[in-house]
Amino acid sequence: MAILYRSYRKALIDELSSVSDLALTADAWSSPCRVHFVFITVHYYDKEFGYISKVISFRRFIGRSFVVRLRQFIRSKLKKLKISN
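Start counting the sequence shown at 386; every next residue gets the next number (the working numbering).
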């Protein structure tokens with residue numbers, strides 16, 4: 386499973402490196418027990434102007450300080466995928 390994940394991530398990094406403009410969305414929801422779930426999606430158009438959306442990360446957060454940890458999580462994922470402004 387780890388090999389498959391690394392292979393997919395490398396292909397995603399290669400694909401995103403050729404995209405000049407992209408948008409990100411981060412969707413979050415929580416349970417009454419303070420368990421938060423977040424996923425990050427990247428959106429862009431390919432060279433033929435086809436719209437593409439891909440989930441680039443999903444994570445569960447438990448406990449407090451959700452906003453601080455969410456910011457760190459998003460920054461970490463963007464860095465790993467070599468996405469910068």
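Virtual Cβ for every residue (Gly too), placed ideally from N, Cα, C. If you're wondering where the values come from, they're calculated on a predicted model, not measured in any experiment.
Alpha-carbon spacing of residue i relative to residue j, whole angstroms
i	j	result
G439	M386	In the sequence as displayed, the identity of residue 439 is Lys instead of Gly. Those two C-alpha atoms are separated by around 19 Å.
K464	D399	14 Å
S392	S442	15 Å
V452	I459	11 Å
I425	Q457	13 Å
Y436	W414	25 Å
Residue i vs residue j beta-carbon contact at 9 Å
i	j	result
V420	R445	yes
L455	V427	no
L401	K467	yes
Closest residue to residue i among the options (Cα-Cα distance)
i	options	result
K432	S415, V404, I468	V404
S416	R456, I425, R449	R449
C418	I447, R460, V453	I447
A411	F434, K462, K467	K462
S469	Y390, L409, A413	L409
Rounded distance between the beta-carbons of residue j and residue i, thought under 8 Å
i	j	result
L407	Y429	4 Å
Beta strand (DSSP E) segments (min. 3 residues) lying fully within the region 431-461: Under the rule that a run must span 3 or more residues, the beta strand (DSSP E) segments found entirely inside the region 431-461 read 436-447.
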